[in-house]
Amino acid sequence: MAKAAKPAAADAEQIVLTIDIGGSHVKILTSAGGEMRRAGSGPGLTPQQMITSVNTLAEG
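Okay, here's the thing in structure tokens:
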């Protein structure tokens, strides 16, 4: 059974994370501003490696 999503706090501004998974790069951009960040990808990129890359990019 799927978990119910928790509603956001009324006074909290939501930030959207956009992830573009391309043939040679994984790119992220947030609605909070800043520059696009990217990491290398390719046919050998595993799902776990992609998650690690996105987490690293988002942190910083």
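With the working numbering applied, the sequence shown has no gaps in its numbers, which climb one by one up to 50 at the end.
Idealized CB from N, CA, C, for every residue including glycine.
Beta-carbon proximity check, residue i vs residue j, cutoff 9 Å
| i | j | result |
| --- | --- | --- |
| I5 | V44 | no |
| A22 | T46 | no |
| A48 | T8 | no |
Paired residues, beta bridge with residue i - DSSP
| i | result |
| --- | --- |
| V44 | None, per the DSSP bridge assignment. |
| I11 | V16 |
| G30 | H15 |
Cut-off 8 Å between Cβ atoms - residues of its own chain near residue i, not counting five sequence neighbours on either side
| i | result |
| --- | --- |
| S31 | I11, G12, G13, S14, H15, V16, M40 and S43 |
| M26 | K17, I18 and L19 |
Proximal residues to residue i (C-beta, below 6 Å), its chain only, five neighbours per side dropped
| i | result |
| --- | --- |
| E3 | none |
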